[in-house]
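In this text, residue positions in the sequence shown follow UniProt numbering: the first is 1, and each later residue adds one. All C-beta atoms, glycine included, are put in the ideal place defined by N, C-alpha and C.
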Amino acid sequence: MSSKAIHESSAKLLLYNSLAQWNLSKNFVKIVTKDSPFDASDASLKHSRLVAKPDVLLKRRGKLGLVIAGRNAEETGQWISERLNRSIQVGNITGCLDRFIVEPFVPHDQASSEEYYICIYTERERNVIMFHQEGGVDVGSVDEKAKRFYLSVDEMMRREESSQPICSAAQLLASSLFDGVTEEARRVILAEFIVDLHRVFNELHFTYLEINPLVVCNWSPNVCSNNQVSPPTSDFYVHILDVAAKLDQCAEFLFTSNSGWSPQDKPLEFPFPFGRIQTEEEAHIAQLDARTGASMKLSVLNPNGRIWTMSAGGGASVIYADTVCELAERLKQTGGGGLGASDLANYGEYSGAPSEGQTYEYAKTILSLMVRGDPHPDGKVLLIGGGIANFTNVAATFKGIVRALIQYKTELQLHKVRIFVRRAGPNYQEGLRIMRELGPTLGIPIHVFGPETHMTAIVSMAFGLREVNNLNSFHCTTPTESLLNSTSGAAAHLTEVGDSKVNGCEPNGSSNSTDVECFDASTRCIVWGLQIKAVQSMLDFDYASGREIPSVAALVYPFGESSQIKAYWGSKEAFFPVYKTLKEAMWKHPEARVLVNFGSLRVAYDVAMEAMSVDQNHPKPSATCNGYCASPAQLKCIAIIAEGIPENLTRRLICRAKERNILLIGPATVGGVKAGCFKIGNTGGMVDNIIAARLYRPGSVAYVSRSGGMSNELNNIISMNSDGVEEGIAIGGDRYPGSTFLDHLLRYEANPNICMMVMLGEVGGTEEYAVAEAVQAGRIRKPIVAWCIGTCAQLLASSSEGIQFGHAGACANSARETATAKNAALAAAGLHVPSSFDELDTMIRNVFDGLVKSGRVVPKPDRRPRPVPLDYSWAKELGLIRRPAAFTSTICDDRGSELLFAGVPITQVINEDLGIGGVLGLLWFKRRLPPYVAKFLELCLIITADHGPAVSGALNTIVTARAGKDLLSSLTSGLLTIVSKFCDTMESLEYFQFITSNYHTFNRGTRMTRANQINSCFAQRLHRFDSLPNIWACTACG
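Right, here's the structure in full:
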């Protein structure tokens, strides 16, 4: 949810700080809180009439009686003091009025149309300006009667590149926007103000800005006379009375070096919605999320709830919340007991390969909430679930969770907690084994399942709606079996097919499939970023799929010189060029048609724009288009992996990609896969999952999903319920993905190798309606199984607005954007929509079996993949192989998540304040020394602490001698260590010249400074000595 609301006071200060209109009345804004009380005795307010209202993201304050207007300072202060920090209930939500805003009262005539309504908001390919000549509290249904003016992103980009304003007053006046305003002077003032307002809206990355009312009248306070620009003869002034605004939080990094987002030099706040107060635990997880590359979210919904979740993955976390709420409501309605959706205690997710320590902190926080308070009479349930991970080491994350579970062993037994686990991905067998063996240790039931079990089946089991089958039948493969399976190329299952004919599906129309296929067995790409693991994953997929040449043509890494990296093609080593610039890579590899952009959120936009500017068949690296190009682009597809790119930049990418006829996948995506041909980055996970999901050869089903994590789960579901995947794309979780569901479904429709499609949408946005309209219009005739996740948002209506769902776009701004409404619309249009995600696999199987029985689909034959050797480092991590260590330390161990000194954790060393002496005892003597011995060691350090840099030379001499070298070698190693510290005394002829000359030390330093040479440590210390003998004495002592 990158689009976040801000306080009204913050919005006004931002606008006052950025708007340049001479006739804008920049009224003072006073913020009243518990720590900043209202001062009625302020001399500047003595003769002022004031307006006060809560500033807590609360709507309809006037109708709730929460606005006081036209009163003096004393009356205003009294009114605020009666309401400050008081709780009120609005609908089903109870919140605290802990912040008020005070402004001057603007006298105006409401009956003479001096109040107006203005709203600006963003859409995928345009900005929308809404205006109505009647504003104020009784504006009514403004969506139905307001006029609209549209500004396309494409047009704004063209104007910017030609140094023209993106919007002009003449454009607005020539439109029908002000048809309801009869007075010409007001029309001109409104047009000029809205043009400037839209400029600020664009520059400061607003996503929504509503002013109601905007007042244009003759009154203005004294502040207007302070404007630097002298006002013309007009008597009208513009006043912003009420504001509601949202900003794109992802754009925050763009304003770190300027005051655009820092009104009054204070950092901008993104408050929680009214009624939502951030708990200490939520704040702790938010801080953990902010300082790590992984993603961690936590929202406490009901501290007394019975069902707690620990979900891995943004999409999976929403699906688990959906399923819990749906089944809990079903039980409640059928008399099965429970509180319905209120049984769900929390929403949260962890993803992005968190470390063991980070996962431990996350799990510990949730468990501390879970075991707080009195035990529930029915016991509690902990769901540790997730899809099939692409690159997260499941065992490593589970080790962190296990540490937290063991820590709360007694409390978990007291609260009668049952744990259900379902997970898959890299090293999942080890992770599930650890979880399964933990049950007897904790003394509570732990049910463990892998990818053979449907993802949400554990929720049904927890509610008693599905039998807990085969608890003890989980087969943990031995290291030898795992090694053989990983390298033999054996598929998890090889379907016996009697007829090996090609698929008989026909596309709708006469489209040539080559025109719609972005990937084939000869597709090559350029990878931006030194992502060697991702590159190796792509090469392993290529090799297993039987490709003749690798899909990776080159890499780009601008932070180093051009070089080569080594990777494996099967069992052989291969070298791939690494270029410093993208243009050089594209010039030298004209066959590359795909860019996999691993750039961070700060550079991914620039990288993509540069890539789109390169023409096909360009003669040299500099032959690129500036702005809009007539020649076709070299690239056919760009995948942007990074998340957190500001929406305005993403919309510009979308328009430029459309102009250049380039398929844009992402941002915030794992990528996509064309089975047996090409995969983007880490899509599909490791080789074992590629083989298990049969992605090494094409199937008949294609899918498109928002969630990258769920794309791997779809690979598994489809492979288990059909003949496999032909192509799958994760378009990304941002509000405006680079390509839409419809873009890919139309490609699939025109591809004769695809006979069935699956779409996994989610709450937020309206892209799914375009698919429904296409099906109704006959543009798509192939069967589609569709489901939109996020149905829990309505069941949790009182809390969902404050929930930070896993994806930035997973937020409904209207009833039409809810998952429930979209599922109903898709079903009405004729798509196959299950009743819940829990039944998605059954629906896919039924539709596919129906196509086979009708003769429309002939299942594609299976084959064995080429065997891919296992990497040594990964095999060692899995425990499949072993090798004696080259170096062994018996006093220090830094292999785990925490450093150990002689077996003592570093946290224990710090907590018990062992000090330097205690640490030396552990490191030198491998034992804890008595306090008096530790104190003696510290005393020795105090006395001998200042030995200067030469100690490093002595230490190296000792180490070299102990390594068995001769005396000369040992002495040389020490002296050469000192050289860099003492101005290259052993190597530099300049040193000898300095010694034998009459130059003063200070003069030498000055000469070196003027010559831009580094002045070494030795030269800086020579001024301490007045004679040559002293210098040599210093060197000898060192």
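As computed with DSSP, residue 893 is found in a beta bridge with 900.
If you look at residue 104, you'll find it in the beta strand (DSSP E) that goes 100-104. In this structure the stretch 902-916 does not touch the stretch 409-426; the number of beta carbon pairs closer than 8 Å is below three. Fully contained in the stretch 422-447 are the following alpha helix (DSSP H) runs of length 4 or more, in chain order: 428-442. Secondary structure of residue 786 (DSSP, three-state): strand.
Nearest to residue 670 by alpha-carbon distance, out of 880, 351 and 463, is 351. With three or more CB-CB distances shorter than 8 Å, the stretch 203-222 counts as touching the stretch 129-139. In terms of CA proximity to residue 274, 58 leads the group 58, 579 and 928.
Between residue 345 and residue 382, the alpha-carbon positions lie close to 10 Å from each other. Counting C-beta pairs with one atom in each stretch, the stretch 698-718 and the stretch 755-764 have three or more that are closer than 8 Å, which means they touch.
Judged by pairs of C-beta atoms under 8 Å, the stretch 650-657 does not touch the stretch 524-541, as fewer than three such pairs exist. Residue 157 and residue 166 have their C-alpha atoms some 8 Å from each other. For residue 742, the CB contacts under 8 Å within the same chain, skipping 5 residues up- and downstream, are 767, 770, 771 and 774 in chain order.
For residue 583, the uninterrupted alpha helix (DSSP H) segment begins and ends at 582-588.
In this structure the stretch 604-615 lies against the stretch 635-647, because at least three pairs of beta carbons, one per stretch, are closer than 8 Å. Residue 557 carries a coil assignment under DSSP once its states are collapsed to helix, strand and coil. In the displayed model, residue 466 falls within coil according to three-state DSSP, outside both helix and strand. Looking only at 572, 978 and 965, the smallest Cα-Cα distance to residue 953 is reached by 978. Here residue 71 is bridged, per DSSP, to 50. Taking all protein chains shown into account, residue 33 has fewer than 16 neighbouring C-beta atoms within 10 Å of its C-beta and is therefore exposed. Look at residue 752 here: in three-state DSSP terms it is coil, with no helix or strand label.
Remark: C-beta atoms of residue 26 and residue 16 approach each other more closely than 9 Å. Rounded to whole angstroms, the separation of the alpha carbons of residue 283 and residue 362 is 12 Å. Counting only runs of 3+ residues, the beta strand (DSSP E) found wholly inside the stretch 98-169 occupies 100-104, 115-122, 126-132 and 147-152, in chain order. Following the DSSP letters along the chain, one finds residue 250 in no beta strand (DSSP E), marked with neither H nor E.
Pairing residue 258 with residue 441, the inter-Cα distance amounts to about 55 Å. The Cβ atoms of residue 823 and residue 786 lie closer than 9 Å to each other. Judged by pairs of C-beta atoms under 8 Å, the stretch 673-689 does not touch the stretch 827-844, as fewer than three such pairs exist. Assignment of beta-bridge partners to residue 528 by DSSP yields 556 and 597. The beta-carbon separation of residue 315 and residue 735, rounded to 15 Å, does not stay under the 8 Å limit for a contact. Within its own chain, the residues whose Cβ lies closer than 6 Å to the Cβ of residue 740, once the five positions on either side in sequence are excluded, are 767, listed in chain order. DSSP, read as helix, strand or coil, puts residue 194 in helix.
Contact annotation: residue 724 and residue 718 have beta-carbon atoms nearer than 9 Å. Look at residue 9 here: in three-state DSSP terms it is helix.
In the three-state reduction of the DSSP assignment, residue 295 falls in the strand class, which pools E and B.
Comparing alpha-carbon positions, the option among 795, 829 and 830 lying closest to residue 815 turns out to be 795.
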